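Here the sequence shown is numbered in the working numbering, starting from 1381 and rising by one per residue.
Below is one structure; the comments refer to it alone.
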Amino acid sequence: MGMKGEGGVDLPEGMDGRVKEALDMWGIKSLYPPQKDSFPAIAEGKNLVVCVPTAAGKSLIAYSAIINKVVKKGKKALYIVPLRALASEKFEELKQLNRLGIKVALSYGDFDDDDRYLERFDVVVATSEKADSLLRHRTRWLSDLSVIVADEVHLLNDKGRGPTLEVILTRFKQLNPKAQMICLSATVKNSADIAGWLGAELIESDFRPVKLSEGVLYGGSVRTSDGKERALTADTGDPVTDAVLDVVLHSDDGKGQALVFVYTRRNAEAAAVNMSKVLGSRLSGADTARLTEVVDGLGGSDSRIGKRLKQAVSGGAAFHHAGLSNEHRKLIEVAFKERRIKVLFATPTLAAGINLPARRVIVRDWKRFEQFNPQAPIPVLEVKQMFGRAGRPRFDTEGQSYIYARNEEEVDLLMERYIWGEAEEIYSKLGSFPALRMHILSSFATNYVRDMDELWEFIRSTFFAYQNDTWKITTDVEDVISFLEEEEFIKVDGDKVEATDFGKRVARLYIDPLSAVILRKALLSEPKKLTTFSILQAACYTPDIHKMFVRRKEYEKILEEIYSREDELLMDIPTEKADYDFFLASVKSAIFLLEWIGDGELGMEANEERLEKLFNVGPGDIRSKVETAKWILYSMRELARLFNSPMAKAVDLVALRVEHGIKRELLELIGVKGVGRVRARRLFDAGIKGPDDIRSSTVQRLSSVHGIGRVLALAIKNEVLGPEGEILEEDEPGEEEVGTGQSRLGDFS
Ligand SMILES: Nc1ncnc2c1ncn2[C@@H]1O[C@H](COP(=O)(O)OP(=O)(O)OP(=O)(O)O)[C@@H](O)[C@H]1O
Ligand SMILES: [Mg+2]
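What follows is the structure in structure tokens.
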């Protein structure tokens, strides 16, 4: 018999009592059945694959395993998630363990770092890419891990993120065979494969703590899984709008909210704006007042996205997609959680793992564009994940999830496939050439693998090998080895393989080996003219930079750019069609970055509105593009050093300018704390061109610059004067305290 807690939670024998303390702290009165089923295995330290429906409380299973181990001295845990947003949610919850003396860190960001400071923490939450990069740096504390959690482990099936997740789990299996692995998965058909692969106990269940009624929305009514049909209140005649109004305006407790999944960002924005027109006039005065606060919080952004967002929010609706700035995205999530925003139109990126108070989910678009099928139906697994955002335990006591049929024929099809149908099987995606290229190099570079035998031993313990005969990839592996050898990433001596300095550096930089080949070629070239464009174009040609699609009407402009800048190119213009298109795309990306750093047509740092207009990107895209470019330029500079390239200095300068989005002339100002790209530009244009000018200007004069209030002026001045020269403001500060310039993207400070 286990210990009986007052709250009714029964801990099995061998489980540390502090798990109970944590459960109490989180207000858990009793365990859900899948949690109860998992506890004995946790207590025994077994590996576990938990494959249960959405909202069944999988995280708590992992948390309990973590606490059970890390309360013991010197034991550590790693919680791996696919996305940063999810990392933050898990971190916020785990952080509360501080009260039990458990220290928790959130780790993302810089890939070229061993983050030794993480040693001081007991639990680290990280994305799979970050975990991979830590492995590549052979970060010491990784061998102290006693629990490894993989959340959303069904993403092994994902072409993009799957291979990395698979490789790190395989590596951990070899590196820490004693560590306990806890894998949390959405419902998939072949969960036994994952369990078999990891030698784990499998917990399966169809338990869901909050009833979720699933159905197909068509016309004015919903057909649910039990075959019943229910008519919705008809307000407008548009089925999706009515299904939203039905839950928002006609629920008994007045707390109904809806989350609608659409496929494109444009659709999300348009739908939210339209919805706000219908919904806004029907909201109470109190609701509207609470929304006005949100609109005010969104700040003075006049980008198209910002304006649309404010317009939508004023009427109780909002949209959520990767184009939003981080600040706006967070504000929207919070306002939705606070039940201010009533309906959220989101792209599928919001689907995985997140807890939201959506009583009703509507999947409006169930087809999407794929390379070989422009009308590909979304997998059942993904629709179920979206469905699962409705009816979350802490927010609601029941949920409804509907998928939208556009015509009568679709109704039966959707019932069959998504309501009664089962989620697909998942398959390893490690067998692709780029994935193998990346991970085989890292295996050698990190010395985890030292010869061909060990490489095959590693491959044989992957999920891929568990599901396939490895001979299927023999040729691919051999091709990868030849590629790596020819490009001098590795030296092969009989069976022995050793990474070169180049190979080692590239693996730690966390870039695709093919990117490194391109960068090396660029760095060793001798262009007639080396310009900022030269460097940016080469960086943007690497596969690690996302392609910026070149539209037909842009072709000519891009071609012109190429021909007028032929002297500046660091590489030959490819002739093969696919490479050629990629080359054009790289030029477009380079032009984008030139605009960003003030070397574009305008001759001035482009603001959000301009970038949005020219490149159809939102603030969130700008940020992620800048971040990626910064990382590749950093890598380029590191490689320049390795190869003693005379371009090193130039690359350094470009990297710095891209990081801050500025012309060279603002470099001095950007070094001052509190000064971002917008303020730097304003100060510069007002004649204040560097720290010396700040020192010699009065606070009065500084604060007369648009966007710089007196408080900030004083702060900047003191920053430049240093602790010795600090001055205090005697006057009462005026009204317009906070500058407006800072709420914008790209101020970064
Ligand atoms: N035993 C419990 N009693 C009450 N609430 C619980 C219990 N277990 C978990 N919860 C709550 O249920 C919610 C959903 O849990 P969690 O996020 O772990 O779900 P999940 O199974 O990971 O779902 P998803 O597949 O969507 O990621 C959380 O808010 C959590 O705090
Ligand atoms: Mg989860």
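All residues carry an ideal CB built from backbone N, CA and C; glycine is no exception.
Because the structure is a prediction, the values reported are computed rather than measured.
7 Å Cβ shell around P1392 - same chain, five flanking residues per side excluded: G1382, F1419, P1420 and A1423
Those residues which DSSP pairs with Q1780 across a bridge: S1593 and R1740
Within 8 Å, strictly: CB atoms of T1842 and S1895: no
Cβ separation of Q1691 and V1640, assumed to be a contact under 8 Å, to the nearest whole Å: Going by Cβ atoms, the distance from Q1691 to V1640 rounds to 17 Å, so no, they are not a contact pair.
Top-ranked residue by Cα proximity to D1924, from I1853, S2004 and D1875: S2004
Inter-residue CB distance, L1821 and S2015 (contact presumed, cutoff 8 Å): Actually they do not touch by this definition, with Cβ atoms about 14 Å apart.
Cβ-Cβ distance between V1791 and Y1598 below 8 Å: yes
Whole-Å CB distance - A1838 paired with T1544, under 8 Å assumed: Checking the sequence, you will find Phe at residue 1838 rather than Ala. No, F1838 and T1544 are not in contact; Cβ-Cβ is about 15 Å, not under 8 Å.
Residues of its chain near E1581, where Cβ-Cβ distance is below 6 Å and the 5 sequence neighbours each way are ignored: A1421, K1426 and L1428
Whole runs of the alpha helix (DSSP H) within the stretch 1388-1430, excluding any shorter than 4 residues: 1398-1405 and 1413-1423
Contact test: L1536 Cβ vs ligand 1 heavy atom, cutoff 7 Å: no
Helix, strand or coil at T1604 [DSSP, three-state]: strand
Check: G1998 C-beta below 7 Å from any heavy atom of ligand 2: no
Pocket of ligand 2 defined by Cβ to heavy atom distance under 7 Å: K1438, S1439, D1531, E1532, L1564 and G1733
Close-in-space but distant-in-sequence residues of the same chain around V2079 (CB under 8 Å, 5 per side omitted): R2090, A2093, L2094, K2097, I2107 and E2109
8 Å Cβ cutoff met for I2088 and R2057: no
Euclidean distance between Cα positions of L1678 and G1686: 8 Å
Best match in A1648, N1735 and E1878 for proximity to H1701 [C-alpha to C-alpha]: A1648
Unbroken beta strand (DSSP E) run spanning L1486, endpoints: V1484 to S1487
Buried or exposed by the 16-neighbour rule on C-beta atoms within 10 Å, applied to F1824: buried
Check whether V1741 and E1584 have beta carbons under 8 Å apart: no
Heavy atom of ligand 3 within 7 Å of L1564 beta-carbon: Ligand 3 is absent from the structure shown, which contains only ligand 1 and ligand 2.
Secondary structure of R1518, DSSP reduced to three states: coil
Cutoff 6 Å; reference V1674; Cβ partners in own chain excluding five residues on either side: V1693, A1715 and R1720
Whether D1512 touches I1548 by CB criterion (8 Å): yes
Closest by C-alpha distance to D1947, when choosing among A1970, L1910 and V1620: L1910
Burial state of A1958 (16 or more Cβ within 10 Å): exposed
Any alpha helix (DSSP H) of 4 or more consecutive residues that is wholly inside the stretch 1941-2011: 1957-1976 and 1988-1995
Which listed residue (K1764, K1438 and L1474) has its alpha carbon closest to that of V1367: Residue 1367 is absent from the model: the chain starts at 1381 and stops at 2129.
Exposure label - G1454; buried when at least 16 CB within 10 Å: exposed
When D1396, V1430, Y1443 and K1416 are compared against W1406, the one with the closest alpha-carbon: Y1443
Within 8 Å, strictly: CB atoms of L1592 and S1439: no
Sub-8 Å separation of V1596 and A1785 beta-carbons: yes
The stretch 1623-1642 contacting the stretch 1804-1819, beta-carbon criterion three pairs below 8 Å: no
Own chain residues within Cβ distance below 8 Å of V1484, not counting five before or after: F1471, L1474, K1475, L1477, N1478, F1501, D1502, V1503, V1504 and V1505
One or two residues paired with C1563 in a DSSP bridge: V1429 and A1530
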